[in-house]
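**Student:** With this note's numbering, letter number 427 in the sequence shown gets 972, and the count goes up by one each step, no holes.
Note that beta-carbon positions come from the ideal geometry of N, C-alpha and C, so glycine has one too.
This structure is in structure tokens; I'll ask about it shortly.
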Amino acid sequence: QLFAQGNGTINGHITDESTGEALIRVTVIISGTTIGAATDLDGNYTITNVPAGTYSLVFSLISYQTITKDEVVVSANQTMQLDIELSTSAIELGNVTVYAASRKNEKITEAPTAVSVIGLEEIRLKSNSGSVPKLLETQPGVDLVQSGVDDFNLNTRGFNSSVTRRVLVLIDGRDLGAAFLGQQEWGAISYPLDDVSNVEFVRGPGSALYGTNAFNGVLSITTFSPQQALGTKIKLTGGELSMFGLDIRNAGLLGAGFSYRVNVGYMRSDNWDANRITAPFKYPGLDPELREITDGSLKRMYGSARLDYQFADGSLITAEGGITVVENNVIVTGIGRLNLIKGVRPWGKLNYSSEHLYISAWGQSRTTPGSIFSLASGGELIENSTLYQIEGQYNYSFFQEKLRVIVGGSQKIGHVDMEETAMVGTKDYTITGGYGQLEYKPVDQLKFVATGRVDRTSYEKSRFSPRFAAVWSFLPNHSLRVSFNKAFLLPSISEYFLRVLAGGTDLSALGVNPGGPTFVYAMGNAELVPERIEGYEVGYKGIFLDNKLFITLDGYVNKVRDFITDLLQGVNPEFPFNGAPAGLDSLIFYGSPENGIPALPGLTILPSGETAIVISYANKGQVNERGLELSFNYYITDEFLLSANWSYFDFDIDEQQEGDELLPNNPKHKFGYSVRYTHPNGFDAELSGRSVQAFDWAAGVFVGRIPEYHLFNLSAGYQFSQRYRAGLTVTNLLDRQAYQIFGGSIVGRQLIASITVTL
């Protein structure tokens, strides 16, 4: 930039290239500076006090192609008029980029892992659902089960559970996992889906970059920056199950490099949950519970605020925080259904990012001022937990970008206090890790990646997680890759230290505890060691037919050692079986599957002398997993997109001991499919579905079979103008009554309509 004495002004008018309509909220930034503006309701912009000189201007708007105008000359005390036409984003399959696969931006065809991307247009179309997991249900390799409006379990490549935590979920780099159970609480996200700009789902072991819990994959959710969401947006939703929602967002430029974004939201809905006090229940195999679900609708109240400061060199400081309050939710766990009366999840985050350096610190807590009640036992659970993390990463490239080095480290500190309701005492822990990655491209068509990370925790020795991968781009937009990964899954605080009553059953007719019920206790196991996985993977990505057809094929073989079971009987040596009571027929005690007679649970004598059923966790055997994932996306025309995928999973168990009950809790075959229509006049729609083969389920107190099901969803929207948009989403379009997790609710249809106003 060549500066002269005095300041000038740049102004102009920005329109849609095809319609001539004025475009509002276009961000106009002088490249390499923090100087900029946004277009008003008439499509006009003005940048004042610009030092005289020659500049490049960047014009950007969601759903439009970003353009840069060079050689813009500003003279002292003069006004420069620059009018621009923007065109809508064209089909650019070959230019889709991902970040989460390698912690760097790269073309999706060159990523060293299996990865799916959900872009802005699809998110906007499906945003009425209000749930991130609903965006993923038809993606390849995804194991998604739903039990309520806000109760989802997301996994990939086998061994799902009622409390799934084998996928690390990050929102703008912050871990969404709860400190006690370790699972994701989807309703605790402090943003509506309309604030999400991009979702990436990396399938396969990821501990080499992300540490524990990135066992089967990483889900990375990115929200809009203030500069990407300028203006005010108000969205009103309503629909079946007495659903009502309101979201308000405002973002703007404050000048001098500052920008902000603020959002608040409210959602209320009935649920599909039903009481189970007396039979008959919704489907066979369920046991009675001692407590009814609290009256009242499921509610979510949330809000967040973000302030950015951008330096002249492009580096950025971000400070943000938020809070979510959830009321009257029902969650399926291994100890039975839990009724969350009220949960509060505040959080805060501070980031610094530049071309080479990234530093982040965040903290979050979970409190339950309204308590959590076990519906099976009637007992009260209270949680007060906190998580803090600091993380840093540095990257640099050498030899004309042929060698790229990334180094980083993090420390997470957790504190859990259940106030003696689910474990004894309080627990504090730290997880400290450091990682490095070398990426070498001897030629443009060949890339080698070597990654390693060491993690040390309060309860375990150091763990090393390596990754080696090679990507051969043998043709433009066609690549083959091979990779080897190791990852680990640290037992959760719950799996280590749980102590809770999980229900009871009446065995007095069999001579057991004649004075009352036989109680079921869920106990942690302090002797657990981390679960380990060793994975081998090959994959292909290719784009055909003049950028209209995208095909991926991924195959994997995994060896899982020290597999952490769900809650089972007789697996914890601290609580061994006592054997069949005297005089009790062994057929009744051990059961007869051939004759349809269920086994009477093994009984344990507690230190108190009480006869009880104890379920606990253990490390069991070696599991060999193998699978295939095939998907394609085909643009029949510029308006019609056809997508389909097939996922196959199988396993066998080595070193299995008699009585071990290990089920993957997912089908061998599943399919996802969709057809989407997008018209330049502002109308878009998608019909999607998934088909899931029947499979057996065993997770804690819930053991049964999930029947085959086929579910369809419909989403549609119409953009009346830049200010007004109407939307419609119907999940489970045909209202097929199915339960997706044994012990969960039968999920029916829900129709949600919306109107969005942008000012």
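Kindly give me the distance between the Cβ atoms of residue 845 and residue 754, rounded to whole angstroms, as I take these residues to be in contact under 8 angstroms.
**Tutor:** For the purposes of this step, residue 845 is taken as the residue at position 300 of the sequence shown. For the purposes of this step, residue 754 is taken as the residue at position 209 of the sequence shown. Between residue 754 and residue 845 the Cβ distance is about 32 angstroms, and since that is not below 8 angstroms, they are no contact.
**Student:** How about the stretch 806 to 816 and the stretch 886 to 902: do they share at least three Cβ pairs that are nearer than 8 angstroms?
**Tutor:** Contact fails: fewer than three Cβ-Cβ distances are below 8 angstroms.
**Student:** Could you give the first and the last residue of the continuous beta strand (DSSP E) run that contains residue 522?
**Tutor:** The shown model of the chain, from 546 to 1304, leaves out residue 522, and the question about it has no answer.
**Student:** Which residue comes first and which comes last in the alpha helix (DSSP H) that contains residue 665?
**Tutor:** Counting from one through the sequence shown, the residue named residue 665 turns up at place 120. Element bounds for residue 665: 665 to 670.
**Student:** Hey, which unbroken runs of the beta strand (DSSP E) at 3 residues or more fall wholly within the stretch 1166 to 1247?
**Tutor:** Qualifying beta strand (DSSP E) stretches, in chain order: 1185 to 1199, 1214 to 1223, 1228 to 1237, 1240 to 1244.
**Student:** Taking the alpha-carbon positions, what's the residue 872 to residue 827 distance?
**Tutor:** Indexing the sequence shown from 1 puts residue 872 at position 327. Indexing the sequence shown from 1 puts residue 827 at position 282. When rounded, the distance between both Cα atoms is 24 angstroms.
**Student:** Residue 1026 and residue 1086: beta carbons closer than 9 angstroms?
**Tutor:** Against the sequence shown, residue 1026 aligns to sequence position 481. Against the sequence shown, residue 1086 aligns to sequence position 541. Yes, the Cβ-Cβ distance between residue 1026 and residue 1086 is below 9 angstroms.
**Student:** Hey, could you find the ends of the alpha helix (DSSP H) residue 1039 is sitting in?
**Tutor:** Along the sequence shown, read from residue 1 onward, the residue named residue 1039 stands at position 494. 1038 to 1042 is the span of the alpha helix (DSSP H), which, as asked, contains residue 1039.
**Student:** Count the CB pairs spanning the stretch 754 to 767 and the stretch 902 to 918 that are closer than 8 angstroms, and state whether there are at least three.
**Tutor:** Cβ pair count under 8 angstroms is below three, so no.
**Student:** What does the alpha-carbon distance come out to for the pair residue 714 and residue 746?
**Tutor:** Numbered from 1 along the sequence shown, position 169 holds the residue referred to as residue 714. Numbered from 1 along the sequence shown, position 201 holds the residue referred to as residue 746. Approximately 9 angstroms between the Cα atoms of the pair.
**Student:** Expressed to the nearest angstrom, what Euclidean distance is found between the alpha-carbon atoms of residue 1291 and residue 1285?
**Tutor:** Position 746 of the sequence shown, counted from the start, is the residue given in the question as residue 1291. Position 740 of the sequence shown, counted from the start, is the residue given in the question as residue 1285. Those two C-alpha atoms are separated by around 8 angstroms.
**Student:** DSSP state of residue 1110, grouped into three classes?
**Tutor:** To locate residue 1110, count along the sequence shown from 1; it is residue 565. If DSSP states are grouped into helix, strand and coil, residue 1110 belongs with coil.
**Student:** Taking C-alpha atoms, which residue in 1250, 1066, 1227, 1092 lies nearest to residue 563?
**Tutor:** Start at 1 with the first residue of the sequence shown, and residue 563 comes out as number 18. Looking at the Cα atoms, 1227 is the closest of the given residues.
**Student:** Between which two residues does the beta strand (DSSP E) harbouring residue 631 extend?
**Tutor:** Translated into positions along the sequence shown, residue 631 becomes position 86. Segment 629 to 631, the beta strand (DSSP E) holding residue 631.
**Student:** Of all the options 688, 843, 863, which has the alpha carbon lying nearest to the alpha carbon of residue 790?
**Tutor:** Translated into positions along the sequence shown, residue 790 becomes position 245. Residue 790 has its Cα closest to that of 843, out of 688, 843, 863.
**Student:** Quick one, are the C-beta atoms of residue 583 and residue 571 less than 9 angstroms apart?
**Tutor:** Counting from 1 along the sequence shown, the entry for residue 583 is found at position 38. Counting from 1 along the sequence shown, the entry for residue 571 is found at position 26. Cβ distance < 9 angstroms, so residue 583 and residue 571 count as in contact.
**Student:** Taking the straight line between their C-alpha atoms, what separation do you get for residue 1009 and residue 760?
**Tutor:** Residue 1009 sits at position 464 when you count from the first residue of the sequence shown. Residue 760 sits at position 215 when you count from the first residue of the sequence shown. Taking the straight line joining both Cα atoms gives about 13 angstroms.
**Student:** Are the CB atoms of residue 922 and residue 881 within a distance shorter than 9 angstroms?
**Tutor:** For the purposes of this step, residue 881 is taken as the residue at position 336 of the sequence shown. For the purposes of this step, residue 922 is taken as the residue at position 377 of the sequence shown. Cβ distance < 9 angstroms, so residue 881 and residue 922 count as in contact.
**Student:** Looking at the structure shown, is residue 892 part of a helix, part of a strand, or coil, going by DSSP?
**Tutor:** Numbered from its first residue, the sequence shown carries residue 892 at position 347. Residue 892: strand per DSSP, three-state reduction.
**Student:** Just to confirm the assignment: which complete beta strand (DSSP E) runs, minimum length 3, are found wholly within the stretch 889 to 951?
**Tutor:** Qualifying beta strand (DSSP E) stretches, in chain order: 902 to 912, 917 to 919, 929 to 943.
**Student:** I'd like the span of the beta strand (DSSP E) that includes residue 1311, first residue to last.
**Tutor:** Summary: the structure shown does not reach residue 1311, with the chain confined to residues 546 through 1304, and so no result is reported for it.
**Student:** Quick check: the Cα distance between residue 1185 and residue 1232, rounded to an integer number of angstroms?
**Tutor:** The sequence position of residue 1185 within the sequence shown is 640, counting from 1. The sequence position of residue 1232 within the sequence shown is 687, counting from 1. Straight-line Cα distance between these residues: approximately 12 angstroms.
**Student:** Figure out for me which residue from 699, 652, 781 has the closest Cα to the Cα of residue 990.
**Tutor:** Along the sequence shown, read from residue 1 onward, the residue named residue 990 stands at position 445. Answer by Cα proximity: 652.
**Student:** Can the beta-carbon of residue 1169 be found closer than 9 angstroms to that of residue 1102?
**Tutor:** Your numbering for residue 1169 matches position 624 in the sequence shown. Your numbering for residue 1102 matches position 557 in the sequence shown. Cβ atoms of residue 1169 and residue 1102: closer than 9 angstroms.
**Student:** Judging by CA-CA distance, which residue of 1045, 1174, 932 is the nearest neighbour of residue 883?
**Tutor:** One-based indexing of the sequence shown puts residue 883 at position 338. Minimum Cα distance to residue 883 is reached at 1045.
**Student:** Out of curiosity, what's the CA-to-CA distance linking residue 1149 and residue 994?
**Tutor:** Within the sequence shown, residue 1149 is the residue found at index 604, counting from 1. Within the sequence shown, residue 994 is the residue found at index 449, counting from 1. Spanning the two alpha carbons is a distance of roughly 51 angstroms.
**Student:** Would you list the one or two residues that DSSP bridges to residue 596?
**Tutor:** Residue mapping note: residue 596 aligns to position 51 of the sequence shown, counting from 1. DSSP, once it has assigned bridges, lists 552 as partnering residue 596.
**Student:** Between 940, 945, 914, which lies nearest to residue 963 when the distance is taken from Cα to Cα?
**Tutor:** The residue given as residue 963 occupies position 418 in the sequence shown. Ranking 940, 945, 914 by Cα distance to residue 963 puts 914 first.
**Student:** Rounded to the nearest angstrom, what separates residue 1303 and residue 801 at their Cα positions?
**Tutor:** Taking the first residue of the sequence shown as position 1, residue 1303 is located at position 758. Taking the first residue of the sequence shown as position 1, residue 801 is located at position 256. Answer to the nearest angstrom: the Cα atoms are 25 angstroms apart.
**Student:** When DSSP builds the beta bridges, which residues end up paired with residue 510?
**Tutor:** The structure shown does not extend to residue 510, since the chain is modelled only from 546 to 1304, so the question has no answer here.
**Student:** For residue 825, is the classification buried or exposed, using 16 other Cβ atoms within 10 angstroms of its Cβ as the cut-off for buried?
**Tutor:** Here residue 825 is taken as the residue at index 280 of the sequence shown, counted from 1. Classification of residue 825: exposed, given that the 10 Å Cβ count is below 16.
**Student:** Restricting to Cα atoms, I'd like to know which of 1235, 1251, 1270, 1243 is closest to residue 684.
**Tutor:** Walking along the sequence shown from the start, residue 684 turns up at place 139. When only C-alpha atoms are compared, the closest one is 1235.
**Student:** Threshold first: 3 residues or longer. Then list the beta strand (DSSP E) segments lying entirely within the stretch 747 to 801, N to C.
**Tutor:** The qualifying runs are 762 to 768, 776 to 784, 788 to 800.
**Student:** Identify whether residue 863 lies in helix, strand or coil by the three-state DSSP scheme.
**Tutor:** Residue 863 sits at position 318 when you count from the first residue of the sequence shown. If DSSP states are grouped into helix, strand and coil, residue 863 belongs with the strands.
**Student:** Between the C-alpha atoms of residue 917 and residue 591, what's the straight-line distance to the nearest angstrom?
**Tutor:** Numbered from 1 along the sequence shown, position 372 holds the residue referred to as residue 917. Numbered from 1 along the sequence shown, position 46 holds the residue referred to as residue 591. When rounded, the distance between both Cα atoms is 54 angstroms.
**Student:** Near residue 1013, what residues of its chain come up, given a Cβ to Cβ distance below 6 angstroms and the 5 sequence neighbours on each side ignored?
**Tutor:** Along the sequence shown, one-based indexing puts residue 1013 at 468. Cβ neighbours of residue 1013 beyond the five flanking positions: 995, 1029.
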